[in-house]
Structure formats: C-alpha cells, structure tokens
Amino acid sequence: MISASDFRNGVTFEMDGQVMQIVEFQHVKPGKGAAFVRTKMKNVITGAVTETSFNPTAKFEQAFVERKDMEYSYSDGDLYYFMDPETFDLVPINADTLGDSFQFVKENMQCKISSYKGKIFAVEPPTFVELAVTETDPGFKGDTATNVTKPATLETGAEIKVPLFINPGDKIRIDTRTGEYLERCKS
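Here the numbering used here is used: the sequence shown runs in plain steps of one and ends on residue 198.
Dropping the structure here:
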C-alpha cells in the first residue's frame, strides 16, 4: 500500500480499477483547513491525464508496471510476434496495441513492451531508427527554396517527408515519436 503523502513523480498505483502514474505532485498546507496533495496523473493504459487532490492519508494499492525489451520477429495478419530474449518465447500482440510509431519498426528491432498483471498495453519502438528509402521522386535542379520536401517511402512501407537531396537507396535517421526525417546516415 502507498499513501498519497508518499507520491513522487513516476509512482504507479491502482485507483478505481485503473493504473495511474504520477506526472506532477504538490503537497499543500493552507493556512486554514487540512493539508492535501494536489496531483496530475496519467492513466498508463489509456494515456488520459487528470488532475486530482487527495487527503495525505488516502491509501492505494501500488501497481507494478513491467517494462521489458523484446525483439520484433514477424507479423501474421493482425498479430505481431515479439521474442523474449531471455526465454525465446514468442508473444503475440494485437495490432490495436501498437500505435502509429510502430510503422517505423522492421524485423529484429528491439522494442519496449509495457504490461500490467500480464496484460500488454503499450509497445514503444526505439526513439531513433535508421531505414532505407525505397522510393522517392528525384529532386529538380534549381528548386532550392529552403525547407522544400518531397514524399518518400521507407523499407517498412511508411511514408514521410524528406529533403530534395535524398535518393532511393539512401539510409536516413528518423525520430519515431514525431515521424520526422533527422539526417542522412553515413554508408
């Protein structure tokens, strides 16, 4: 059990059947009245953020969220299989759980798998990935206006905007959180 007076950033606990994580907290002792703990907390499964005040003596069950590195192996329809590097077990994860940033993940990449009581609720790809450009239009000579971009298809099938000097076959670095081109990689 954890009391509201023990709240710190990053602490996870169960409240009304939901798993919550403290984003911000503040112990408040007003001149009149009882002290309270003002918190901003995030539901780790849905991502919803709420602000609530608690009595410092309020008690909650502590929640242990497991984060584990697993290697993406292959997909079969709506199921994506990840291998546990310790036991070599394949864990199937439904496509609904993956999120938009998974479009930049190719086979054999390490991802962080978050689970609570055995139920997987999030798959976090590496922050930066290097992928090859498979298809893009050629840049036109003389089109040198600043920040001009063109669409490019990557080896995973994802489409992003890249600068004009990028050609098919080039390896580029991408930020998976935003889906933005960062730089061309050295061959």
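A virtual CB, placed ideally from N, CA and C, is assigned to each residue, including glycine.
Beta-carbon proximity of residue i to residue j, cut-off 9 Å
i	j	result
K70	S112	no
E166	A143	yes
Q73	F139	no
P174	T160	yes
Y83	M120	yes
DSSP bridge partner residues for residue i (one or two, in chain order)
i	result
L90	D87 and N105
E72	E25
V30	E25
T61	M52
First and last residue of the uninterrupted beta strand (DSSP E) at residue i
i	result
T23	T23 to M26
D186	K182 to D186
V159	V159 -> no beta strand (DSSP E), and no H or E assigned at all.
P174	E170 to P174
F139	F139 to T147
Minimum C-alpha distance to residue i - residue among the options
i	options	result
T50	E135, R19 and D89	R19
R188	A59, I56 and V134	V134
Y85	K79, P103, F99 and S126	P103
D181	T145, K53 and K43	T145
F132	E141, N119 and G110	G110
Local conformation of residue i per DSSP, three classes
i	result
D17	helix
F115	helix
M12	coil
M120	coil
E191	strand
E166	coil
I177	coil
N66	coil
A133	strand
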